[in-house]
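Protein sequence lines, in the order shown, are assigned to chains H and P.
According to the working numbering, the stretch in the first sequence is residues 1 to 463, in order.
According to the working numbering, the stretch in the second sequence is residues 1001 to 1463, in order.
No residue lacks a Cβ here, since even glycine has one placed at the ideal position from N, Cα and C.
Since this is a predicted model, take the numbers as computed values, not measurements.
Notes for the one structure printed next.
2 protein chains.
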Amino acid sequence: MANKPSIPKGTRDFGPEEMARRNYIFNTIREACNLFGYQQIETPALETLSTLMGKYGDEGDKLLFKVLNSGDFLKDVDEESFSQKDLRKITSAISEKGLRYDLTVPFARFVVMHRNDIPFPFKRFQIQPVWRADRPQKGRYREFYQCDADVVGSPSLNNEIELLSLLEFVFAKLGIRTVIKLNNRKILSGIADYIGASDHLVDITVAIDKIDKIGLENVVKELEEKGLKKEAIEKLTPILTLSGSNEEKLATLSEILKDSETGMKGIEEMKYVVSGYEQLNKGKGSGLSTLDLDFSLARGLNYYTGTIIEVKAADVEIGSISGGGRYDNLTGVFGMPGITGVGVSFGADRIYDVLSALDLFPAQSADGPQVLFLNFGEKESGCCLQLIEKLRDAEVSSMLYPDTVKIGKQLTYANALNIPYAVMIGERELEEGKAVVKNMASGEQRDYCFEALVEDCKSIFAR
Amino acid sequence: MANKPSIPKGTRDFGPEEMARRNYIFNTIREACNLFGYQQIETPALETLSTLMGKYGDEGDKLLFKVLNSGDFLKDVDEESFSQKDLRKITSAISEKGLRYDLTVPFARFVVMHRNDIPFPFKRFQIQPVWRADRPQKGRYREFYQCDADVVGSPSLNNEIELLSLLEFVFAKLGIRTVIKLNNRKILSGIADYIGASDHLVDITVAIDKIDKIGLENVVKELEEKGLKKEAIEKLTPILTLSGSNEEKLATLSEILKDSETGMKGIEEMKYVVSGYEQLNKGKGSGLSTLDLDFSLARGLNYYTGTIIEVKAADVEIGSISGGGRYDNLTGVFGMPGITGVGVSFGADRIYDVLSALDLFPAQSADGPQVLFLNFGEKESGCCLQLIEKLRDAEVSSMLYPDTVKIGKQLTYANALNIPYAVMIGERELEEGKAVVKNMASGEQRDYCFEALVEDCKSIFAR
Chain H
1 MANKPSIPKG
11 TRDFGPEEMA
21 RRNYIFNTIR
31 EACNLFGYQQ
41 IETPALETLS
51 TLMGKYGDEG
61 DKLLFKVLNS
71 GDFLKDVDEE
81 SFSQKDLRKI
91 TSAISEKGLR
101 YDLTVPFARF
111 VVMHRNDIPF
121 PFKRFQIQPV
131 WRADRPQKGR
141 YREFYQCDAD
151 VVGSPSLNNE
161 IELLSLLEFV
171 FAKLGIRTVI
181 KLNNRKILSG
191 IADYIGASDH
201 LVDITVAIDK
211 IDKIGLENVV
221 KELEEKGLKK
231 EAIEKLTPIL
241 TLSGSNEEKL
251 ATLSEILKDS
261 ETGMKGIEEM
271 KYVVSGYEQL
281 NKGKGSGLST
291 LDLDFSLARG
301 LNYYTGTIIE
311 VKAADVEIGS
321 ISGGGRYDNL
331 TGVFGMPGIT
341 GVGVSFGADR
351 IYDVLSALDL
361 FPAQSADGPQ
371 VLFLNFGEKE
381 SGCCLQLIEK
391 LRDAEVSSML
401 YPDTVKIGKQ
411 LTYANALNIP
421 YAVMIGEREL
431 EEGKAVVKNM
441 ASGEQRDYCF
451 EALVEDCKSI
461 FAR
Chain P
1001 MANKPSIPKG
1011 TRDFGPEEMA
1021 RRNYIFNTIR
1031 EACNLFGYQQ
1041 IETPALETLS
1051 TLMGKYGDEG
1061 DKLLFKVLNS
1071 GDFLKDVDEE
1081 SFSQKDLRKI
1091 TSAISEKGLR
1101 YDLTVPFARF
1111 VVMHRNDIPF
1121 PFKRFQIQPV
1131 WRADRPQKGR
1141 YREFYQCDAD
1151 VVGSPSLNNE
1161 IELLSLLEFV
1171 FAKLGIRTVI
1181 KLNNRKILSG
1191 IADYIGASDH
1201 LVDITVAIDK
1211 IDKIGLENVV
1221 KELEEKGLKK
1231 EAIEKLTPIL
1241 TLSGSNEEKL
1251 ATLSEILKDS
1261 ETGMKGIEEM
1271 KYVVSGYEQL
1281 NKGKGSGLST
1291 LDLDFSLARG
1301 LNYYTGTIIE
1311 VKAADVEIGS
1321 ISGGGRYDNL
1331 TGVFGMPGIT
1341 GVGVSFGADR
1351 IYDVLSALDL
1361 FPAQSADGPQ
1371 VLFLNFGEKE
1381 SGCCLQLIEK
1391 LRDAEVSSML
1401 YPDTVKIGKQ
1411 LTYANALNIP
1421 YAVMIGEREL
1431 EEGKAVVKNM
1441 ASGEQRDYCF
1451 EALVEDCKSI
1461 FAR
């Protein structure tokens, strides 16, 4: 019982400082989503396993955290499965609930369950933890937050333009310079058509998606191994190394894909999105973000059906900090076919790391206490509590050190909590009706009468 | 697969409207806690079962949601337990993690694990869901949020006074009139001493805690059944029906308990807290809350060691909406003895019900979109997107209806989402550089040139 307590591998505690920083990220995303007309929803952490199973592939099924049924959980296990220790059958007999693996499948389930109450197009965002029984490693957790914004029920490419604006808005607020990479699944299909390898679409995209990591040479090698013909590869490589402005790239590709109907549809979609984006950014000068058409971008091809988006931090090597795209038929698996959706997901942990690496977090937490009233004894404290109440009414975060201990210890406490001001009202100050305010950073001390302290508290205790 | 999806019993989805209301409650509590110098932490939903088991009694252990180990979960089950279907042994072999049951035990674990990094006294608050495999029923859920504020490491009664202020502050912000009931475990011990039934302390408190529900007569009956002597009961009843002001009650009880050392310590503590509370409320007139000393209040006696607090809504019959008290030795079970703590917990679901019953939620959600730009076609939309971006920069939540569909349908959408303003820029308006703003509630329409629309957006689109 008295063993040193610990938490499960891959999970984390967040102390006050980390929480303030995480709240800064989540609040920025939340406020941006609200400003863009996305509405927040929450779904339960526990979903029935029938909702979750089969949605993430075989590997995903294994990574689901399954919850043991309550009571006599063995009662539904048949003797044969039991005696044969048939893990799969026993699992499904002893567990009917699991923990949410992502926010997308629960969202699809939500849309289907509440279809009659939801006004479509439905713009929702969701910020909640998810759980994966992955092998924990640096930067990969078993419990972590996802932040998703999606629009379902609208095929319009205006949604894509808006999502690009949302990404720009959030990262501009956070001060992160980004490269927003754009592609379209239909263009990938068109490319496969053009090189005469439509049947190798998956192989091609899996390989070229890795071009940043392994280089063109190894991509070619992988394609050869997958059985792609020499001529096909020769036609492909110039497309992967297309250079020039976005406009030039589109013009070139447009020429190349002119015989592929699907490819040209992708080009047309991309042109609409890029032009919408550029209109909005016209006259903004060099902003914090750059749009980069990248025809090797795939991001889980089997999921996306149109636009594909990925955001990288321009100044830190860390992989993508956000991504998304358009998917059709999200809700088909729950019996509601034909609903299209498009969305992006913010990688909160990666964003946290980028802000840390670039030292972009606000220096002073907006959440921590601003003023510590030192405790000189019962009589003095009574007076402090009254003043504190008035400061709080003026929205100045304040507190009394609860115990009457040595003043040095109380000042150490103020420093440990990064509290910028200490107020001292000792016996003499109490008699004279004044308070000594100490600026903890500069050490400077000033006297105020009680009225002034309350009246001018906003300026006296400026952060 | 295409079955109608559902969610587990006792869990809930929260749509945009409920979320806005829940956020209103959580934000009020969060802002109040920050203002009072409490700092937010979060702990993982998953804890190791050794942290959770044995902390909530046998019944509690059964109500823990246990998570199945990954991979071959049967590998640690010994043959004997397996063949005998020994549920307890099998459970502990196949499951080593569980879902958080409350916020108190994880907080104690947090304090012990991070003892060297935490400046004491540690004032923390925590707003997170908890899970209990309880039988779901009206108002009782298997997944629900708790909101706790605690101070650990300070024996000072100033903390109790501050917590009472916090309760007052939060419920005043929410506009809920409350009765704050106060008792002290030491007074309960003193009463048991006084009536000569110290050995029946638990029986007495369990019985008298129910006086509101079952009435004095039934309390007496229960005490007789528990073997309390007639004389003891005769000495007890006048205490339970003490009337008068708080001061008068304390004076009477002080006389009654004068021979019980523990009882007098309780009286002394309560006097300090009541006097601190009254000093702060002096001159406030009839506020929203009343302090009521209630010597029958127990709230899980075995847990609290000093002050006991319970808050009831004055205008709705709904049980307690908040409660708490002082507990000693919270962390002893994790090998860190001698730490005292005191705290309160806000019942978010009950508070939600009270606000609903009294119609106290803000009429207009602060989170929903404020302005819907109607979509008249590609050219008009392009113009809208530019204006929308400027409104967002001015923090006016706005969006374009993404698809070019009938205007009537778009207006219906605005109504369905409670969007207060619609902006119409058709072909003619585009040429003339003006926008028609429709107030959705009054039906009133006004024209603005684009510059004015942006310039004065805060006043044009006032909520």
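- By the beta-carbon neighbour count (other beta carbons within 10 angstroms, threshold 16), arginine 140/H is exposed.
- Of the residues Gly1325/P, Asp1294/P and Asn1218/P, the one whose Cα lies closest to the Cα of lysine 1249/P is Asp1294/P.
- If you compare the alpha carbons of Asp72/H, Ala20/H and Met113/H with that of glycine 335/H, the shortest gap goes to Met113/H.
- Note that the C-beta distance between tyrosine 413/H and lysine 438/H is not below 8 angstroms.
- In the same chain as leucine 1400/P, and ignoring 5 residues on each side of it, the C-beta atoms closer than 7 angstroms to its own belong to Phe1373, Asn1375, Ser1381, Cys1384, Leu1385 and Ile1388, in chain order.
- Spatial neighbours of aspartate 349/H in its own chain (CB-CB distance under 8 angstroms, excluding positions within 5 residues in sequence) are listed in chain order as Gly139, Tyr141, Phe144 and Tyr145.
- With a threshold of 16 other beta carbon atoms within 10 Å, asparagine 1184/P meets it and is buried.
- At a cut-off of 8 angstroms between C-beta atoms, asparagine 1159/P counts as an interface residue with respect to chain H.
- One thing to note: lysine 1181/P has its Cβ within 8 angstroms of the Cβ of glutamate 1310/P.
- Take the alpha-carbon of valine 1333/P and the one of alanine 1045/P: they are about 20 angstroms apart.
- Residue range 407 to 416 is occupied by the alpha helix (DSSP H) that includes glutamine 410/H.
- In terms of CA proximity to aspartate 1148/P, Gln1040/P leads the group Ser1296/P, Glu1231/P and Gln1040/P.
- Below the 9 angstroms Cβ cutoff, chain P contributes Ser1381, Gly1382 and Leu1385 as neighbours of glycine 276/H, in chain order.
- In the DSSP assignment, glycine 1060/P falls within the alpha helix (DSSP H) that extends over 1057 to 1063.
- The contact set of phenylalanine 1295/P on chain H, defined by CB atoms closer than 9 angstroms, is empty, because the minimum CB distance reaches about 26 angstroms.
- In the DSSP annotation of this structure, the continuous segment of the beta strand (DSSP E) that includes proline 129/H starts and ends at 122 to 131.
- At a beta-carbon threshold of 7 angstroms, the residues of chain H lying near phenylalanine 1014/P are Ile41 and Glu42, ordered along the chain.
- Around histidine 1114/P, the beta-carbon contacts reaching into chain H at under 9 angstroms are Asp13 and Gly15.
- Each of Ser1296/P, Glu1017/P and Phe1036/P was checked against the Cα of glutamine 370/H, and the nearest Cα belongs to Phe1036/P.
- One finds Ala1032, Leu1035, Phe1036, Ser1165 and Phe1169 in chain P with Cβ atoms closer than 9 angstroms to the Cβ of arginine 392/H, taken in chain order.
- Within 8 angstroms of the CB of serine 1095/P, the CB atoms of chain H belong to Leu68, in sequence order along the chain.
- If you look at asparagine 1183/P, you'll find it in the beta strand (DSSP E) that goes 1178 to 1184.
- The Cβ-Cβ distance between phenylalanine 107/H and arginine 124/H falls below 8 angstroms.
- In this structure, Val111/H is the residue among Met264/H, Glu80/H and Val111/H with its C-alpha nearest to the C-alpha of asparagine 329/H.
- Look at the segment 231 to 248 of chain H: it has no residue with a C-beta under 9 angstroms from a C-beta of chain P.
- The continuous alpha helix (DSSP H) containing methionine 264/H extends over residues 261 to 281.
- With contacts defined as CB atoms closer than 8 angstroms, glutamate 42/H and glutamine 126/H qualify as a contacting pair.
- Contiguous alpha helix (DSSP H) elements confined to the segment 315 to 364 of chain H occur at 348 to 357, taking only those with 4 or more residues.
- With a threshold of 8 angstroms between beta carbons, glutamine 1410/P makes no contact with chain H.
- Among the residues facing chain P, arginine 463/H is not included, as its CB has no counterpart in that chain under 8 angstroms away.
- Here the alpha carbons of alanine 435/H and cysteine 457/H stand approximately 12 angstroms from one another.
- Going by beta carbons, alanine 93/H and serine 83/H fall outside the 8 angstroms limit.
- A distance below 8 angstroms between beta-carbons, with the five flanking residues on each side excluded, links asparagine 158/H to the following residues of its chain, in chain order: Gly276.
- By the rule that beta-carbons nearer than 8 angstroms mark a contact, isoleucine 180/H does not touch chain P.
- No Cβ of chain P is located within less than 8 angstroms of the beta carbon of arginine 88/H.
- Not flagged as an interface residue toward chain P: threonine 305/H, since no C-beta distance is shorter than 8 angstroms.
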